[in-house]
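Number of protein chains: 2
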Amino acid sequence: MDQADHETRILDAAERLFYARGIQAVGMDELRTAAGVSLKRLYQSFPSKDELVAAYLDRRDERWLSSLRTFVGDGGVIELFAWLVQWFSTEDFRGCAFLNAFGELGGRVSPPVLRHKDRLHALLRELAVREGAPDPDLRADQLLILVDGATVTAMLGRTNAAGAALRLALADVRG
Amino acid sequence: MDQADHETRILDAAERLFYARGIQAVGMDELRTAAGVSLKRLYQSFPSKDELVAAYLDRRDERWLSSLRTFVGDGGVIELFAWLVQWFSTEDFRGCAFLNAFGELGGRVSPPVLRHKDRLHALLRELAVREGAPDPDLRADQLLILVDGATVTAMLGRTNAAGAALRLALADVRG
DNA sequence: TAGCCTAGAGAACGAACGTTCTCCAAGGCA
DNA sequence: TGCCTTGGAGAACGTTCGTTCTCTAGGCTA
Numbered sequence: 240m241d242q243a244d245h246e247t248r249i250l251d252a253a254e255r256l257f258y259a260r261g262i263q264a265v266g267m268d269e270l271r272t273a274a275g276v277s278l279k280r281l282y283q284s285f286p287s288k289d290e291l292v293a294a295y296l297d298r299r300d301e302r303w304l305s306s307l308r309t310f311v312g313d314g315g316v317i318e319l320f321a322w323l324v325q326w327f328s329t330e331d332f333r334g335c336a337f338l339n340a341f342g343e344l345g346g347r348v349s350p351p352v353l354r355h356k357d358r359l360h361a362l363l364r365e366l367a368v369r370e371g372a373p374d375p376d377l378r379a380d381q382l383l384i385l386v387d388g389a390t391v392t393a394m395l396g397r398t399n400a401a402g403a404a405l406r407l408a409l410a411d412v413r414g
Numbered sequence: 240m241d242q243a244d245h246e247t248r249i250l251d252a253a254e255r256l257f258y259a260r261g262i263q264a265v266g267m268d269e270l271r272t273a274a275g276v277s278l279k280r281l282y283q284s285f286p287s288k289d290e291l292v293a294a295y296l297d298r299r300d301e302r303w304l305s306s307l308r309t310f311v312g313d314g315g316v317i318e319l320f321a322w323l324v325q326w327f328s329t330e331d332f333r334g335c336a337f338l339n340a341f342g343e344l345g346g347r348v349s350p351p352v353l354r355h356k357d358r359l360h361a362l363l364r365e366l367a368v369r370e371g372a373p374d375p376d377l378r379a380d381q382l383l384i385l386v387d388g389a390t391v392t393a394m395l396g397r398t399n400a401a402g403a404a405l406r407l408a409l410a411d412v413r414g
């Protein structure tokens with residue numbers, strides 16, 4: 240097992256634990272145990288917890304956006320919110336990892352969080368252009384509001400959040 | 240200065256510090272200093288940090304909703320989002336205290352957070368009824384998505400969040 | 001005035017946690 | 001076989017933090 244394998248196992252454990260229970264609630268020792276890696280190797284791969292957190296967020300950003308992009312393909316808001324419905328109903332769903340991390344750590348995690356939201360905004364803008372929206376930037380802003388709003392609302396237990404948001408997205412196209 | 244005054248000063252300091260920097264980032268000792276109160280009295284008023292956090296959230300809930308309710312009065316979504324615009328532009332704005340607390344502490348703060356969102360939902364439902372919405376529950380769900388979505392989006396620096404959300408709210412009425 | 005109660009200041013305690021260090025076993029190489 | 005390097009397990013260290021304890025000063029009552 241080489242260095243890359245170790246990093247993958249560490250990041251897998253980090254994503255599972257950090258997302259499920261919060262970053263500050265998970266210690267390096269518990270993470271080490273979950274990853275099945277020695278503390279020495281953990282610190283060789285990621286010299287501090289802050290760097291591990293940044294790596295966790297960046298990898299989650301890539302995977303999350305890639306999954307969404309693949310699912311939506313050339314589709315529109317229907318596919319966008321269908322993907323959200325499926326995400327919200329996964330067993331370990333606990334809201335947006337980036338918003339949670341921001342609430343928890345504030346400025347210390349800002350760069351990965353802002354990067355993530357900018358990339359999501361760019362994806363939504365592409366969708367807006369395909370839709371023929373007259374003002375794609377505004378439309379992307381609005382879709383971002385709907386996606387984030389539905390996500391935090393679903394996190395707190397309102398199960399029809401994605402459906403309600405979809406109706407707003409469709410209404411705006413007609414309006 | 241009696242007991243109630245002390246509690247007020249403690250809660251004032253707690254709200255300022257917890258909201259600005261996060262709950263876990265503020266220790267009881269710093270809070271004691273900011274409130275100008277002895278540690279003994281602090282623990283007489285609030286026997287543990289968890290109880291102080293709950294009291295902070297509950298008092299913020301009351302004040303926040305009361306301010307919104309007063310501003311909106313018998314108005315509709317225009318007034319609702321006008322209030323948000325003003326809130327977002329306050330200097331110390333840092334998103335929704337309840338969503339941030341949830342991201343930070345997860346289940347440990349769930350009851351006050353859920354209470355707050357339920358009360359906000361109820362206020363939005365009243366507004367939906369006044370508007371003559373055909374399905375006030377759905378409309379309240381949607382307004383909650385727009386309010387929370389605009390709030391987290393504004394927190395991350397998109398300054399026109401409230402305006403973009405308002406347009407969606409108006410579009411749905413027309414659609 | 002003498003004794004007692006209160007309250008404040010901050011030292012102290014115990015736990016948790018990020019990070020580093022020590023010890024030892026195992027394996028490659030002369 | 002004997003030596004040297006590598007890596008794992010976990011002890012140890014220093015700090016932070018929530019919470020409690022101690023000591024002392026001041027004011028009220030008899």
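Read top to bottom, the protein sequences are chains A and B.
Number 414 marks the last residue of the first sequence (our numbering); no jumps.
Number 414 marks the last residue of the second sequence (our numbering); no jumps.
For each residue, glycine too, the CB sits at the ideal point set by N, CA and C.
Model, not experiment: these values are computed from the prediction.
Requested in this report: Please list, in chain order, all residues of the same chain as Arg-280/A whose beta carbon is under 7 Å from its beta carbon, the five residues on each side excluded.
Outcome: As a first step, residue 280/A is located in the first sequence; it is residue number 41 there, counting from the start. Around Arg-280/A: His-245.
Query raised in the report: What three-state label does DSSP hand Phe-332/B in the structure shown?
Result: For the purposes of this step, residue 332/B is identified with residue 93 of the second sequence, where counting begins at 1. When DSSP states are grouped into helix, strand and coil, Phe-332/B belongs to the coil group.
Query raised in the report: At which residue ranges does the region 290 to 330 of chain B contain complete alpha helix (DSSP H) runs of 4 or more residues, listed in the order of the chain?
Result: Considered as a whole, the region 290 to 330 of chain B harbours 316 to 327 as its complete alpha helix (DSSP H) runs of no fewer than 4 residues, in chain order.
**Report entry** Cβ of Thr-392/A within 7 Å of any chain B Cβ
**Finding:** Position 153 of the first sequence, counted from the first residue, corresponds to residue 392/A. Output row for Thr-392/A: interface = yes.
Query raised in the report: Alpha carbon to alpha carbon, how far is Arg-255/A from Asp-300/A?
Result: For the purposes of this step, residue 255/A is taken as the residue at position 16 of the first sequence. For the purposes of this step, residue 300/A is taken as the residue at position 61 of the first sequence. Taking the straight line joining both Cα atoms gives about 14 Å.
Query raised in the report: If we ignore side chains and look at the alpha-carbon of each, how far apart do Gly-402/B and Phe-285/A end up?
Result: As a first step, residue 402/B is located in the second sequence; it is residue number 163 there, counting from the start. As a first step, residue 285/A is located in the first sequence; it is residue number 46 there, counting from the start. Rounded to the nearest angstrom, the two C-alpha atoms are 42 Å apart.
Query - Whole-angstrom C-beta distance between Val-348/A and Ala-336/A, which should lie under 8 Å - result: Here residue 336/A is taken as the residue at index 97 of the first sequence, counted from 1. Here residue 348/A is taken as the residue at index 109 of the first sequence, counted from 1. Contact between Ala-336/A and Val-348/A does not hold, since their C-beta atoms are separated by about 10 Å, which reaches or exceeds 8 Å.
Requested in this report: For Asp-331/A, count neighbouring Cβ atoms within 10 angstroms of its own Cβ and tell me buried if that reaches 16, exposed if not.
Outcome: Locating residue 331/A in the first sequence gives position 92, where the first residue counts as 1. By the 10 Å Cβ count, Asp-331/A comes out exposed.
Query raised in the report: Rounded C-beta distance between Gly-261/A and Glu-343/B? I'm assuming under 8 Å.
Result: The residue you call residue 261/A lines up with position 22 of the first sequence. The residue you call residue 343/B lines up with position 104 of the second sequence. That belief holds up - the Cβ atoms of Gly-261/A and Glu-343/B are roughly 7 Å apart, short of 8 Å.
Query raised in the report: Mapping DSSP to helix, strand and coil, what is Asp-222/B?
Result: This structure does not reach residue 222/B, given that chain B is present from 240 up to 414, and the question cannot be answered.
**Report entry** Contacts around Ile-249/B, its chain only, beta-carbon distance under 8 Å, and the 5 residues preceding and following it disregarded
**Finding:** Here residue 249/B refers to the residue found at position 10 when the second sequence is read from its first residue. If we look at Ile-249/B and ignore the five residues flanking it on each side, its Cβ neighbours are Leu-270, Ala-274, Val-276, Leu-281, Ser-284, Phe-285 and Leu-291.
Query raised in the report: Taking Cβ-Cβ distances shorter than 9 Å, what residues in chain A pair up with Arg-302/B?
Result: In the second sequence, counting from the first residue as 1, residue 302/B sits at position 63. Taking a Cβ-Cβ cut-off of 9 Å, Arg-302/B has no neighbours in chain A, whose nearest Cβ is about 20 Å from it.
Query raised in the report: Does any residue of chain A bring its CB to less than 7 Å from the CB of Lys-288/B?
Result: The residue you call residue 288/B lines up with position 49 of the second sequence. False, the Cβ-Cβ gap to chain A never drops below 7 Å.
Report task. Rank Trp-303/B, Gly-312/B and Gln-325/B by C-alpha distance to the C-alpha of Arg-358/B and give the top, closest one. Result -> Position 119 of the second sequence, counting from 1, holds the residue named residue 358/B. Nearest to Arg-358/B by alpha-carbon distance, out of Trp-303/B, Gly-312/B and Gln-325/B, is Trp-303/B.
Query raised in the report: Using a C-beta cutoff of 7 Å, does Ile-384/B count as contacting chain A?
Result: On the second sequence, position 145 is the one that residue 384/B refers to. Put simply, the CB of Ile-384/B is near chain A, with a gap under 7 Å to one of its CB atoms.
Requested in this report: Determine, using beta carbons only, whether Ala-393/A and Ala-400/A come nearer to each other than 7 Å.
Outcome: Your numbering for residue 393/A matches position 154 in the first sequence. Your numbering for residue 400/A matches position 161 in the first sequence. Between Ala-393/A and Ala-400/A, the C-beta spacing is below 7 Å.
Query raised in the report: Per DSSP, what kind of secondary structure is Arg-397/A in: helix, strand or coil?
Result: Counted from its first residue, the first sequence places residue 397/A at position 158. Arg-397/A falls in the coil class under three-state DSSP.
Report task. Determine whether the Cβ of Leu-366/B lies closer than 7 Å to any Cβ atom of chain A. Result -> Stepping through the second sequence from its first residue, residue 366/B is reached at position 127. Output row for Leu-366/B: interface = no.
Query - Best match in Asp-374/B, Ala-293/B, Met-267/B and Leu-362/B for proximity to Ser-422/B [C-alpha to C-alpha] - result: Residue 422/B is absent from the model: chain B starts at 240 and stops at 414.
Query - Cβ-based neighbour list, Asp-376/A, same chain, cut-off 7 Å, excluding 5 preceding and 5 following - result: For this step, residue 376/A is matched to residue 137 along the first sequence. The beta carbon of Asp-376/A is closer than 7 Å to those of Arg-364 in its chain, skipping five residues each way along the sequence.
Query raised in the report: How would you write the range of the alpha helix (DSSP H) that Arg-358/A sits in, first residue to last?
Result: Position 119 of the first sequence, counting from 1, holds the residue named residue 358/A. It spans 349 to 370 - the alpha helix (DSSP H) in which Arg-358/A sits, taken as one unbroken run.
Query raised in the report: What is the DSSP secondary structure of Val-386/A, reduced to helix, strand or coil?
Result: Start at 1 with the first residue of the first sequence, and residue 386/A comes out as number 147. Collapsing the DSSP output to three states places Val-386/A in a helix.
Report task. Under the assumption that Ile-384/B contacts Leu-385/A (Cβ atoms under 8 Å), give the Cβ distance between them as a whole number of angstroms. Result -> Counted from its first residue, the second sequence places residue 384/B at position 145. Counted from its first residue, the first sequence places residue 385/A at position 146. Distance from Ile-384/B to Leu-385/A at the Cβ level is roughly 6 Å; contact confirmed, criterion being Cβ atoms closer than 8 Å.
**Report entry** Sequence-distant residues of the same chain with beta carbon closer than 6 Å to His-360/B, five excluded per side
**Finding:** Numbered from its first residue, the second sequence carries residue 360/B at position 121. Once the five neighbours on either side are set aside, the close Cβ partners of His-360/B are Ala-379 and Leu-383.
Report task. Could you work out which residues of chain A lie near Ala-403/B, taking near to mean beta carbons separated by less than 8 Å? Result -> The residue given as residue 403/B occupies position 164 in the second sequence. In chain order: Leu-377, Asp-380, Gln-381 and Ile-384.
Query raised in the report: DSSP on Ile-249/B, reduced to helix/strand/coil?
Result: The residue you call residue 249/B lines up with position 10 of the second sequence. Reduced to three states, the DSSP call for Ile-249/B is helix.
Query raised in the report: So what's Ser-287/A in DSSP terms, helix, strand or just coil?
Result: What you label residue 287/A is simply residue 48 of the first sequence in a count that begins at 1. In this structure, DSSP gives Ser-287/A a state outside helix and strand, which the three-state scheme calls coil.
Report task. Taking Tyr-258/B as the reference, give the member of Thr-309/B, Arg-298/B and Ala-243/B with the closest Cα. Result -> The residue labelled residue 258/B in the question sits at position 19 within the second sequence. With distances taken between Cα atoms, Tyr-258/B lies closest to Arg-298/B.
Query raised in the report: If you draw a straight line from the C-alpha of Val-311/A to the C-alpha of Asp-289/A, how long is it?
Result: For the purposes of this step, residue 311/A is taken as residue 72 along the first sequence, with counting starting at 1. For the purposes of this step, residue 289/A is taken as residue 50 along the first sequence, with counting starting at 1. One Cα belongs to Val-311/A, the other to Asp-289/A, and the distance between them is close to 33 Å.
Report task. To the nearest angstrom, report how far apart Ser-287/A and Ala-321/A are at their CA atoms. Result -> For the purposes of this step, residue 287/A is taken as the residue at position 48 of the first sequence. For the purposes of this step, residue 321/A is taken as the residue at position 82 of the first sequence. A straight line joining the alpha-carbon of Ser-287/A with that of Ala-321/A spans about 38 Å.
Query raised in the report: For chain B, is any of its Cβ atoms less than 7 Å away from the one on Asp-297/A?
Result: Residue numbering aside, residue 297/A sits at position 58 when the first sequence is read from its first letter. At least 7 Å separates the CB of Asp-297/A from every CB of chain B.
**Report entry** Short-range partners of chain B found in the region 251 to 265 of chain A, where Cβ spacing is below 8 Å
**Finding:** Listed in sequence order: Arg-260, Gly-261, Gln-263 and Ala-264.
**Report entry** Euclidean distance between Cα positions of Asp-370/B and Gly-315/B
**Finding:** To locate residue 370/B, count along the second sequence from 1; it is residue 131. To locate residue 315/B, count along the second sequence from 1; it is residue 76. The sequence given here places Glu at residue 370/B; Asp does not occur at that position. Roughly 7 Å separates the two Cα atoms.
**Report entry** Presumed contact (8 Å Cβ cut-off) between Gln-242/B and Gln-263/A, rounded CB distance
**Finding:** Position 3 of the second sequence, counting from 1, holds the residue named residue 242/B. Position 24 of the first sequence, counting from 1, holds the residue named residue 263/A. About 33 Å separates the beta carbon of Gln-242/B from that of Gln-263/A, a gap too long to meet the 8 Å contact definition.
Report task. Give the DSSP-derived three-state secondary structure of Gly-345/A in the structure shown. Result -> By one-based count along the first sequence, residue 345/A stands at place 106. In the structure shown, Gly-345/A adopts helical secondary structure according to DSSP, grouped into three states.
Query raised in the report: Among Gly-334/B, Thr-247/B and Arg-406/B, which residue has its Cα nearest to the Cα of Asp-374/A?
Result: The residue labelled residue 374/A in the question sits at position 135 within the first sequence. Ranked by Cα distance from Asp-374/A, the options Gly-334/B, Thr-247/B and Arg-406/B are led by Arg-406/B.
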